[in-house]
Every structure is written in structure tokens, then in C-alpha cells.
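Working notes, beginning with the structure itself.
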Amino acid sequence: MTFTAACGHRSVVTLPTLPAMALPGTLGKVPGKSNREVRLRQLVDDYVHLVARILRNAGTAEADIDDDVQRVFIALSNRLDDVRLGAEKSFLVQTALNMAAHARRTAARRRETLTERPPEVGDLAAGPEEIAERRQTRRTLDRILGAMAPDLREVFVLFELEEMTVTEIAFVLEIPAGTVASRLRRARSDFRERVSLLDGLPRSEVG
Amino acid sequence: MMEDLEHMVDQDISALERALLQEGRSYRASDDLRGHTLAALGLTTSVGFAGAIAWLATKSWTTKLVLALSTVTLLAALPISYAVLVGRVPREAPTPSDVVVVAPPELALPTTPATAPADPIQALSFDRLATSPSAPARASAKTSTALRAELAALDAVRATLAVHDPAGALSFLSAYFRTFPAGRLRFEAEVLRIDALAQAGQASVAKRYAQDFLKRHPNSVLTARVRPYAEP
Numbered sequence: 000m001t002f003t004a005a006c007g008h009r010s011v012v013t014l015p016t017l018p019a020m021a022l023p024g025t026l027g028k029v030p031g032k033s034n035r036e037v038r039l040r041q042l043v044d045d046y047v048h049l050v051a052r053i054l055r056n057a058g059t060a061e062a063d064i065d066d067d068v069q070r071v072f073i074a075l076s077n078r079l080d081d082v083r084l085g086a087e088k089s090f091l092v093q094t095a096l097n098m099a100a101h102a103r104r105t106a107a108r109r110r111e112t113l114t115e116r117p118p119e120v121g122d123l124a125a126g127p128e129e130i131a132e133r134r135q136t137r138r139t140l141d142r143i144l145g146a147m148a149p150d151l152r153e154v155f156v157l158f159e160l161e162e163m164t165v166t167e168i169a170f171v172l173e174i175p176a177g178t179v180a181s182r183l184r185r186a187r188s189d190f191r192e193r194v195s196l197l198d199g200l201p202r203s204e205v206g
Numbered sequence: 000m001m002e003d004l005e006h007m008v009d010q011d012i013s014a015l016e017r018a019l020l021q022e023g024r025s026y027r028a029s030d031d032l033r034g035h036t037l038a039a040l041g042l043t044t045s046v047g048f049a050g051a052i053a054w055l056a057t058k059s060w061t062t063k064l065v066l067a068l069s070t071v072t073l074l075a076a077l078p079i080s081y082a083v084l085v086g087r088v089p090r091e092a093p094t095p096s097d098v099v100v101v102a103p104p105e106l107a108l109p110t111t112p113a114t115a116p117a118d119p120i121q122a123l124s125f126d127r128l129a130t131s132p133s134a135p136a137r138a139s140a141k142t143s144t145a146l147r148a149e150l151a152a153l154d155a156v157r158a159t160l161a162v163h164d165p166a167g168a169l170s171f172l173s174a175y176f177r178t179f180p181a182g183r184l185r186f187e188a189e190v191l192r193i194d195a196l197a198q199a200g201q202a203s204v205a206k207r208y209a210q211d212f213l214k215r216h217p218n219s220v221l222t223a224r225v226r227p228y229a230e231p
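Protein chains in written order, with numbering that gives the first Met the number 0: chain A, 0 to 206; chain B, 0 to 231.
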């Protein structure tokens, strides 16, 4: 079973429901306005920071996080009746990824930056001690994730940073689990290779 | 098999790799995000009652008064709380003709309904409270405190609208715009004003406000809520 998620005025994606990702709260026993509000409020409580984190790690600028989180939840609100109970997280994750991809494309056009270009060591290398500082770490992570191919970045963010399972990711992205695993391997290899340029570590096999 | 994949943070990885992954995992947006999101969805941002009481206990009497006003309105759903500020027994609910619309500085509508300065509701002013003797302490309050005050003020508006008292809601909004001329929830307040005007039967005024809002903020996340009012 699928539902269609519209992301603002842009892309339309078809998402699978995800029975394994049940809403933490118990909601929606009776359809109606008040239940709808309760459901929305519960979803905001449960997932607002997850959506913000996915947006941020998938490439949305810090300054745009508030607005884009609101856009994601407004998209959910507009389609709430079509989203099956238990499938909300899947909807939110996919919409956030679409939103971040759009933000990244817009930023790329605006700044004429080549985000697919691997980061220059000189851009990033500031020494392990300095990089350990939080802001520098964030900037470094942004650059490394930003340099990844979009399909690899999505899988990497969902698995390594959001700790979603391969099966969950396969549902959300609508790709076979084997594809998720192979993308994850490539994403890890890409990540470690870029980090090793900064860290002076030898490249290692990624499993 | 694939479900057995171990996360990198659980593997033997470099310190830098670990720091980067932990940074990505621990990202947290501002504490105001939940309130902003609920406001964008048109939902009240009610906090737990016990939490509100605890917060009230730390505030000055003027802040308590403002928040008590909101709380009373939320709980009793009556504009009777206005009387607390003016020392008068509330009169009957005002009719639409009593409605006072205080437009923000850059948005003065030519057909704004006539004002009724004698209306006790006009005495409600967050601004007046802000300049009271205890104001200096509040002036230095953190941004988050100001935002909570804004949220409480708009919660009062929503609660008043929920019991179909648009005149009360507009009066609350007048006080909001005076108190927070550059408020962070200003756009939400503008949308609530449109809601209130429509509920008060002033569809043409609501329509003009809606059209103006859409013109000024075509990409706002609130356009979906405003657009129906702007349509013929």
C-alpha cells in the first residue's frame, strides 16, 4: 500500500507505509477534527527534532531549519488523511529528504558552488584538535556529506546518523534492501576516504 | 544479514570519524522549534499546567498578570479576564461593530472599523505592562522568555476564537501588536487577525488583509492558511 507525498510545489513521491514504525503515541481511534489535532500535535512532539536533524544532515542550512521543518509538517498536515497510522515517520523522512535536496539545489544555483566536488584538503584540514571543536566539526561534516552523491548521502544519513534499519530505509526510499546495503558500503567508503584525507589515516576497507 | 550491519560508531574507527558521526547524531535544533511548528500548524502551544505554574512562580507580577490572563481565557474561554486589568465587571460580549482593529504600522487599511476607545478591552495592553516599574528586569529577559510571552498571547487569541469571540480575539491581537511590534510570531498573529475578522463577519476586511499578506509574504509557510480568505 502506498500514499503520495507532495512536497510543497515541487516533487511528488510515492511512499510505502511502514508498519514497523508505529507512532509512539496511541492516536487516531476516531476520525474528526479534535483527533486530527491531537495526532498532529503528537507527531510534532515525537518527530520535530528528527525532521530537523535529517534536514540539517541532508544539507539544509542552519538558518533555514525552522522554516523547512514547518514546511515538512505543513505538508504532513495537508495530507494527513492520506497517511496511514504508523506511516507518518516514513512520510516525514521522505518529505524532509526531498526538502533538503531542493534546498541544496537552490543553494548550489545561488552560490554557484560545486557540491559534488570532493572537498579540498586545504579547505578542511585544520588539525584534529581544532576540528574536534564543535563548530568546525559541523562544518567538516557538512562538507563531507555535501560532497557525497545524493543517493549515497541519503542512505548514509538514515543508517549511520538516524540509526534506521536497512529494511526501514528500503521502505522509505522504495529501493531493494540489497541496493540500500550496497549504497551504504559505497557511502561508508566515500566517507572514510574523505576523512582519511584530513586525518592522515591510511585508507581502509569498508565493510 | 543486512540487518546485522553494524553502525560505524560501534566499530573501530578513527577519533575524527567518531567525532563527525557523533556531531551528526547529536544535532538538535532550537528549543523554540516545537512551538514555532505548532504555531505554523495553527495549533495552540499549550504547556503542561504544572509546568506553566512552575514557570509563573519565577516571574514578576506583571508577567504573571499577562499569563494569568491567557490562562484564564484558555480555561474559562471567556473575555471576563479583561476585567482583571481594568477593575470592572465585564459587559456583554462586544458586537462586531465594537471591534477595534489596530493595524500594524505598515498595514493601515482604509476601511478599518471605527475605534471605540472607551471599550474596557482597549485597556488591555501588554505594552503598558511592559513599561511598568518592574519592566527593567523584563527588558533584560532572554529571547526565549519573550517568545514564550508571545506564544502565551497568541494562545489566548486562539482560545478566544475557539469560543467564537472574535471581538475578544481582535482586542488581544491589538495588545499583541502594540507589545511586540517586531514579534517573532508576528506573521502568525497576522493570520489570526484574518481568522478573527472573518469570524466577526468582516469578510471584505479579512480579504484585504489576506491579499496584502500574500503579496508581502508569497513564500510564507502560512500562505495555505491565508489563501482561502483572499479568494473571491
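Don't be surprised by glycine CBs; every beta carbon is placed ideally from N, CA and C. Everything numeric in this text was worked out from a predicted model, so none of it was measured.
Would you check if the distance between the CB atom of residue i and the CB atom of residue j is smaller than 8 Å?
i	j	result
V190(B)	L213(B)	no
H163(B)	Q198(B)	yes
L20(B)	D198(A)	no
F171(B)	A151(B)	no
L42(A)	L75(A)	yes
N77(A)	A223(B)	yes
T178(B)	A168(B)	no
L151(A)	R191(A)	no
E162(A)	H35(B)	no
T211(A)	A18(B)	Nothing can be reported for residue 211(A), as the shown portion of chain A is limited to 0 through 206.
I174(A)	F158(A)	no
Find the residues of chain A that neighbour residue i, judging by a C-beta separation of less than 7 Å, and give them in chain order.
i	result
E16(B)	R191, V194
V220(B)	D66, Q69, R70, I73
G23(B)	N56, L140, L160
How would you list, in chain order, the residues of chain A whose beta-carbon sits under 9 Å from the beta-carbon of residue i?
i	result
H163(B)	The contacting residues do not exist; H163(B) stays about 15 Å from chain A at best.
Against residue i, what residues of chain B qualify as contacts under a CB-to-CB distance less than 8 Å, listed in chain order?
i	result
S76(A)	L40
T94(A)	Neighbours of T94(A) on chain B: none; closest Cβ ~13 Å, over 8 Å.
Which same chain residues end up closer than 7 Å to residue i when comparing Cβ atoms and leaving out the 5 residues on each side of it in sequence?
i	result
N56(A)	L144, V156, L160
V225(B)	V190, I193, A209, F212, L213
A180(A)	V165
F72(A)	V43
T178(A)	none
K206(B)	Y228, A229
Quick one: which chain B residues come within Cβ less than 7 Å of residue i?
i	result
T139(A)	L19
R103(A)	None at all; the shortest Cβ gap to chain B is about 16 Å.
R35(A)	In chain order: nothing, as chain B lies at least about 10 Å away.
T59(A)	What T59(A) touches in chain B: nothing, since even the nearest Cβ is about 10 Å away.
A51(A)	A28, L32
Can you pull the chain B neighbours of residue i, defined as C-beta to C-beta under 9 Å?
i	result
H48(A)	Y26, R27, A28, L32, R33
I143(A)	L19
E153(A)	By Cβ distance, chain B contributes nothing, its closest Cβ being about 13 Å from E153(A), past 9 Å.
D198(A)	S13, A14, L15, E16
R83(A)	Residues of chain B passing the Cβ test: none, with the nearest at roughly 20 Å.
Assuming residue i and residue j are in contact, meaning their beta carbons sit under 8 Å apart, how far apart are those beta carbons, in whole angstroms?
i	j	result
L32(B)	A95(A)	At roughly 13 Å, the Cβ-Cβ gap does not stay under 8 Å, so L32(B) and A95(A) are not in contact.
L37(B)	R40(A)	7 Å
M147(A)	A186(A)	6 Å
A194(A)	S13(B)	Note that residue 194(A) is Val in the sequence shown here, rather than Ala. With 8 Å as the limit, V194(A) and S13(B) qualify as a contact, their Cβ atoms being about 7 Å apart.
L140(A)	E153(A)	No, L140(A) and E153(A) are not in contact; Cβ-Cβ is about 15 Å, not under 8 Å.
A100(A)	D67(A)	Actually they are not in contact, since the Cβ atoms of A100(A) and D67(A) sit about 11 Å apart, beyond 8 Å.
L79(A)	R38(A)	7 Å
L146(B)	Y175(B)	13 Å between Cβ atoms; not a contact.
I64(A)	A28(B)	5 Å
Using a Cβ-Cβ cut-off of 8 Å (strictly less than) and excluding sequence neighbours within five positions of residue i, which residues of its own chain qualify?
i	result
A39(B)	E187, V220, L221
R24(B)	V8
E61(A)	R55
By Cβ distance below 6 Å, which residues in the same chain neighbour residue i in space, the five residues on each side in sequence not counted?
i	result
D9(B)	none
G182(B)	E149
P165(B)	A195, Q198, A199
R215(B)	none
R35(A)	none
E105(B)	Because E105(B) sits at a pLDDT of 40, beneath the cut-off of 50, its placement in the model cannot be relied upon, and the point is left open.
Does the ligand SAM have even one heavy atom less than 7 Å from the beta-carbon of residue i?
i	result
A60(A)	In terms of ligand content, the structure shown is empty, and the ligand SAM therefore cannot be addressed.
Name the chain A residues whose beta carbon is nearer than 8 Å to that of residue i?
i	result
L37(B)	R40, V43
A223(B)	I73, N77
message: Could you tell me which whole beta strand (DSSP E) segments of length 3 or greater appear in the stretch 157-190 of chain A?
response: none
- prompt: Taking only runs of the alpha helix (DSSP H) that begin and end inside the stretch 29-116 of chain A, which ones reach a length of at least 4 residues, in chain order?
  reply: 32-56, 64-77, 87-110
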